Structure formats: C-alpha cells, structure tokens
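What follows is a single structure, written as structure tokens, with notes after it.
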C-alpha cells in the first residue's frame, strides 16, 4: 500500500503502477539473480565476512539456528537482549495507546528501532540524519516535505543500493 501512496503523491495512476511493478518483478528478478551470482559466486565463503557483512542474512541465519536448535543455542547475553528488546517493544506499544496523541508522537518508532538493530550502523545514522533534515526543512516549507519527502527518501535509498552494486561490479571487473 505504501507503494501506491508514493505513486499517488507523484501523480501516477494505480493501473500504471501495477504495470510498472509487474514488469519490475520480472526484470528485477533476472537482474538481481545475475548481479548476485556475479558479485557472490561462493556465498558460503563470502557472506558474513568483513567485505560482505550481509546483516539480513546474519539475522535470518540466527533465526533458523534458533528454530532448529532452540533458545539454548543462543548465548545468555543474546537471550537477555531479546527479553529487553521485547519488553521495550511492548512498553512502547502500551505507551503509544495510553498517552494522548500530542505526547505519544514523541515516542520513538518501534519499527525504526528494530531496523537500527538489523541494519549496519552507517545506514541507521543516515536514516536518522535524513529524518532530522526532513524535520528541519518541514519547519520552514511543510508543503514541500509533505509532497516530496517520501519520494526523495525512496529515491535516495534505491540510489544508494544501485550505487553500491555498481561500485562492487566496477571493482570486481578490475576497473576500480
């Protein structure tokens, strides 16, 4: 649904969005697989290294290990972190529903907090910087940020990803 909100914000009809997304599924699947195979021919040896930290892979690997081996496979400090994080999530949810709206809006976003623990620190810092800059611009030009903030953020995220893949391919091909 968020995709349709962005499309509506930039004046694209739902039909055109659906066609573009359907084509994007096919093209993206092919290009994504080819780029992955070119960049990471040996995932067992290459992933979860300093060069390819792959935080999402590490997260799902930990989930799979926990589901197959049980909570005992996790260190006590990780179990405490899970407990504290879960407790914080429940507390924030309860506070969000109990506090008046003018106070609840100052609570941290539970989704953003969760992402901050999964994504690399550099990405989390850039997201925080983007949020602060968007807030600062909205204090002066609220209509500008209302119209373009989500679209600009989505473009920056996609551009950063494509730049990273392009730079890796450039380096892999020996041009860098």
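Residue numbers (our numbering): 2 to 177.
Note that the Cβ used here is the ideal one computed from N, Cα and C, for glycine as well.
None of these values were measured; they are calculated from a predicted model.
What residues in its chain sit with their C-beta under 8 Å from that of residue i, if we drop five residues either side in the sequence?
| i | result |
| --- | --- |
| residue 135 | 146, 150, 154 |
| residue 58 | 48, 49 |
If you draw a straight line from the alpha carbon of residue i to that of residue j, how long is it in whole angstroms?
| i | j | result |
| --- | --- | --- |
| residue 10 | residue 122 | 30 Å |
| residue 20 | residue 80 | 45 Å |
| residue 94 | residue 62 | 28 Å |
| residue 28 | residue 22 | 10 Å |
| residue 130 | residue 114 | 14 Å |
| residue 140 | residue 90 | 29 Å |
| residue 83 | residue 70 | 16 Å |
| residue 7 | residue 14 | 11 Å |
| residue 103 | residue 85 | 27 Å |
| residue 172 | residue 148 | 37 Å |
| residue 164 | residue 25 | 18 Å |
| residue 156 | residue 12 | 16 Å |
| residue 78 | residue 64 | 16 Å |
| residue 53 | residue 100 | 42 Å |
Could you name the residues of the same chain whose beta carbon sits closer than 7 Å to that of residue i, not counting the 5 residues immediately before and after it, in chain order?
| i | result |
| --- | --- |
| residue 76 | none |
| residue 158 | none |
| residue 46 | none |
| residue 117 | 125 |
| residue 55 | 48, 49 |
| residue 67 | 74, 75 |
| residue 108 | 93, 96, 97 |
| residue 16 | none |
Closer than 8 Å to a non-hydrogen atom of the ligand HEM - does that hold for the CB of residue i?
| i | result |
| --- | --- |
| residue 65 | Absence of the ligand HEM from the depicted structure is noted, as is the absence of any ligand whatsoever, leaving it without description. |
Among the options, which one has its Cα closest to the Cα of residue i?
| i | options | result |
| --- | --- | --- |
| residue 168 | 18, 124, 36, 12 | 36 |
| residue 161 | 137, 148, 128 | 128 |
| residue 174 | 39, 30, 144 | 39 |
| residue 87 | 111, 106, 72 | 111 |
If I measure Cβ to Cβ from residue i and keep anything under 6 Å in the same chain, skipping five residues before and after, which residues do I get?
| i | result |
| --- | --- |
| residue 138 | 146 |
Where in the segment 31-108 do unbroken runs of the alpha helix (DSSP H), each at least 4 residues long, occur, reported from the N-terminal end onward? For the segment 31-108, the full-length alpha helix (DSSP H) segments reaching 4 residues or more read 44-47, 56-70, 77-99, 102-105 along the chain.
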